[in-house]
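FYI, my numbering numbers position 488 of the sequence shown as 488, with every residue one higher than the one before it.
Don't be surprised by glycine CBs; every beta carbon is placed ideally from N, CA and C.
A quick write-up on the structure given underneath.
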Amino acid sequence: MATTITSTDLDFDTIKTRLKDYFKRQSEFADYDFEASGLSNILDVLAYNTHFNGLTTNFALNESFLNTAQLRSSIISHAEALGYVPRSYASSLAKLAITITIADVNRPSLITLPRNTQFTTSIDSVSYTFQTREAYTAVPNSSGTYTFKTSEGLSDIPIYEGIEKTKTFFVGDTTDSQIYVIPDLTMDTTTIRVRVFDDAGGSTFDTYTNIKEATRITAASTHYQIKEVPNGYYEVIFGDGISTGKAPEAGNKIVIDYLSTKGPDANGASIFSTTAQVSGVNVVSTTTSAAAGGSFREGIESIRQNAPLYFTSQRRMVTAEDYTAQILTNYGSYIDDVTSWGGADNDPPVYGRVYVSTKFKSDVDDATQLDVKSRIISELTSNFAVASIDTVFIDPQTTFLELTTTFNFDPDLTSSTSGATQDTVQTSINTFFSNNLKKFGSVFRRSNLLTIIDEIDEAILNTRMSIKVQQRLIPSLGIAKNYNITFPVALAVSDDTFKIITSSRFTFNSKECTIENRLNSNVLQIVNTGGGTEVDNIGSYNTAAGRVDLVGFNPTSFSGDAIKFSATPANQSTIRPLRATVLDIDTTASKASAVLDYQETQVSLGGGSTSATTSSSY
1 MATTITSTDL DFDTIKTRLK DYFKRQSEFA DYDFEASGLS NILDVLAYNT HFNGLTTNFA
61 LNESFLNTAQ LRSSIISHAE ALGYVPRSYA SSLAKLAITI TIADVNRPSL ITLPRNTQFT
121 TSIDSVSYTF QTREAYTAVP NSSGTYTFKT SEGLSDIPIY EGIEKTKTFF VGDTTDSQIY
181 VIPDLTMDTT TIRVRVFDDA GGSTFDTYTN IKEATRITAA STHYQIKEVP NGYYEVIFGD
241 GISTGKAPEA GNKIVIDYLS TKGPDANGAS IFSTTAQVSG VNVVSTTTSA AAGGSFREGI
301 ESIRQNAPLY FTSQRRMVTA EDYTAQILTN YGSYIDDVTS WGGADNDPPV YGRVYVSTKF
361 KSDVDDATQL DVKSRIISEL TSNFAVASID TVFIDPQTTF LELTTTFNFD PDLTSSTSGA
421 TQDTVQTSIN TFFSNNLKKF GSVFRRSNLL TIIDEIDEAI LNTRMSIKVQ QRLIPSLGIA
481 KNYNITFPVA LAVSDDTFKI ITSSRFTFNS KECTIENRLN SNVLQIVNTG GGTEVDNIGS
541 YNTAAGRVDL VGFNPTSFSG DAIKFSATPA NQSTIRPLRA TVLDIDTTAS KASAVLDYQE
601 TQVSLGGGST SATTSSSY
């Protein structure tokens with residue numbers, strides 16, 4: 001019967017041991033001393049060879065699949081097969097209102113702000129250069145002021161951070177393979193301008209556009225494609241002259257302009273200056289949107305996640321996931337996270353709509369957010385979405401969690417104090433939220449967090465945790481209004497022991513008050529800090545719908561940024577947000593406390609038996 005040698009374990013010692021075991025089972029090597037013989041050296045060579053081949057095969061197989069590949073070149077190759085081009089460095093984008101004033105009555109009727117007009121700014125004493133990427137025109141008003149506008153008639157002129165660079169190629173014999181690689185790791189591929197001149201000294205050229213902007217491609221289409229090559233550079237690819245667009249001909253000169261950028265370093269810049277002049281007059285600028293959107297090239301984990309989504313969407317927007325994929329692909333430098341859902345899944349259902357909620361990065365100001373939303377609607381839904389389907393943006397809603405954590409702590413089992421351990425536990429809780437939540441669709445599971453806390457220190461014997469969900473309300477002061485506060489989960493049923501709904505303090509009738517429910521009732525009251533009832537019925541809460549309804553609420557002031565409404569969820573084990581809701585922790589309302597639990601263990605040996613006595617005190 002044949003003998004099988006298992007080599008799935010790749011470590012050297014295991015392989016050698018299995019080889020020796022194999023030989024020992026052979027009669028020729030019975031009672032053979034493998035360690036003191038030359039055969040041991042042969043076994044070392046065999047084990048090393050098997051070990052090396054096993055590792056090599058394992059690495060090669062891992063690199064063959066998108067979900068296990070570790071090398072960026074492998075991941076890029078898999079993404080390319082899915083039609084996905086990873087995002088390059090992205091230039092930070094700001095918007096300015098740019099004007100000049102010419103008092104002369106003989107002023108021109110039209111002036112032009114040239115392409116590549118430069119503006120400078122600085123952050124932390126580091127200077128950055130921004131510039132326009134196209135020319136803009138302006139006509140004077142009655143006072144002689146020229147306000148430059150975009151082709152859409154907007155006075156917000158975009159400027160991009162970076163230094164313009166140019167790469168020139170000369171097309172040789174087209175029977176040879178033509179490769180056009182731009183050797184710049186910090187290139188922003190969205191700023192590329194590709195011109196193909198008839199010959200080396202000519203001035204006539206065709207401007208090629210990114211194939212992503214094409215809705216129809218013929219043999220005469222002037223389009224190019226971009227792909228990342230293994231060394232991290234980007235290659236410009238032209239059509240074949242048959243089905244994928246026009247191909248450059250022998251003797252043509254290809255000139256590629258682009259911005260080489262510093263990525264996110266210039267984000268947040270808001271003060272710009274320039275020495276540029278138009279018609280001999282100084283240019284004046286006012287910032288309308290601070291710089292934002294700059295980013296490093298897309299990381300491998302982002303590519304691993306986005307490439308399959310992009311492939312699934314097939315450059316059209318039919319399902320809600322298609323919207324998510326397109327938005328992340330095109331606007332990932334501005335957006336941390338995005339979620340989408342159809343009108344049929346909305347509450348209440350609204351047919352003929354797709355709802356989108358975007359969680360912007362922290363350095364993107366309100367003006368830029370509005371601009372990005374407008375671009376998403378005009379550039380994506382107009383070209384790819386199903387006709388008659390409207391896109392509606394919903395602002396993300398943050399639901400805060402209040403965590404009260406109590407753990408039994410035995411000081412005899414650690415050198416750490418109870419106070420230091422409390423701080424460590426709270427830090428671990430905050431880290432858990434940062435790593436696992438604060439994104440659309442992220443679910444809070446109490447058991448996962450309790451497991452992490454119990455493993456912090458062996459002195460932590462057990463842990464308990466109560467959960468409240470919290471929403472925030474900014475009311476109109478001095479005006480009686482109705483308010484609806486919605487929680488993403490069902491709420492607990494009222495009982496005769498605990499208040500299910502409570503609020504932070506506010507001023508009402510010149511007294512400090514809170515809102516809470518009556519015991520054994522869903523009716524809400526306004527109660528002053530002395531325990532007296534100011535309003536017996538200010539509304540109610542709906543257990544199943546997770547909603548608080550306030551009627552005629554009229555506070556005169558409140559502390560902090562908002563009034564916090566805290567509620568006990570029906571299920572404290574799992575908090576599952578829906579649609580545009582993300583979960584975060586209210587660190588000011590969350591607390592970790594240690595309960596001392598001394599365990600004195602005495603062990604005595606004697607008479608062939610062991611006895612143990614354990615006593616605990618609280």
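Tell me whether residue i sits in a helix, a strand or coil according to DSSP, three-state version.
i	result
A647	Residue 647 lies beyond the residue range present for the chain, which begins at 1 and ends at 618; the question has no answer from this structure.
Y323	helix
N517	strand
E301	helix
R115	coil
Y233	coil
N106	coil
L46	helix
D597	coil
E458	coil
R547	strand
E63	helix
I501	strand
T189	strand
E80	helix
Where do the ends of the alpha helix (DSSP H) carrying residue i lie?
i	result
S221	Here S221 belongs to no alpha helix (DSSP H), and DSSP marks it neither H nor E.
A567	Note, A567: premise wrong, no alpha helix (DSSP H); beta strand (DSSP E) at 563 to 567.
If you drop the 5 nearest sequence neighbours on each side, which residues of the same chain put their C-beta closer than 7 Å to that of residue i?
i	result
T132	L113, R115, N116, T117, I157, I159
T432	It should be noted that the sequence gives Phe, not Thr, for residue 432. Within the same chain, F432 has close Cβ partners L449, I452.
G251	V171, D199
R518	Q525
V372	Y331, Y334
I300	R72, I75
R464	T406
V196	F205, D206, Y208, P248, N252, I254
Just tell me which of the options has its CA closest to the CA of residue i.
i	options	result
S503	S559, S374, A214	S559
A580	V443, Q470, V356, I254	V356
V85	G546, G38, R304	R304
I271	V255, N282, T288	T288
G546	Q525, T574, D586, I485	I485
I100	S125, A60, V489, N141	N141
D536	V105, A544, V551	V551
S302	L328, K149, V469	L328
A97	T57, Y146, T120	Y146
I500	S415, V354, F565	F565
T189	S447, E235, D454	E235
L82	A214, L66, I479	L66
Just how far apart, CA to CA, sit residue i and residue j?
i	j	result
N346	G419	46 Å
S617	L583	With a pLDDT of 38 at S617, under the threshold of 50, the modelled position of that residue is not reliable, and no figure is offered here.
K246	T207	12 Å
A69	S77	10 Å
V229	L71	13 Å
F508	V523	18 Å
V126	N267	12 Å
F169	I254	5 Å
G54	S40	21 Å
F311	T324	12 Å
N436	N430	10 Å
D423	I376	44 Å
G342	R446	30 Å
E455	I182	51 Å
A594	D412	14 Å
D265	E164	17 Å
Please go through the same chain and pick out, in chain order, the residues whose beta-carbon is closer than 8 Å to the beta-carbon of residue i, but skip the five residues on each side of it.
i	result
N210	I192, H223, Y224, Q225, I226
V527	C513, T514, I515, E516, T533, E534
F12	A47, Y48, H51
I217	I211, H223, G239, S243, T244, G245
P396	S357, T358, K359, F440, A580, T581, V582
Starting from the C-beta of residue i, find all residues in its chain whose C-beta is less than 6 Å away, skip the five residues before and the five after it, and write them out in chain order.
i	result
R297	S88, Y89
S609	Its pLDDT being 44, under 50, S609 is placed unreliably by the model, and the measurement read from it follows with that caveat. The answer is none, since no qualifying residue turns up.
I123	A269
D363	N267, G268, A292
L185	G232
Name the two residues that bound the continuous beta strand (DSSP E) containing residue i.
i	result
V356	353 to 360
Q525	523 to 528
F506	506 to 508
D657	With the chain covering only 1 through 618, there is no way to say anything about residue 657.
Quick one: is the Cβ of residue i within less than 7 Å of any heavy atom of the ligand SAM?
i	result
A490	For the ligand SAM, the structure offers nothing, since it holds no ligand at all.
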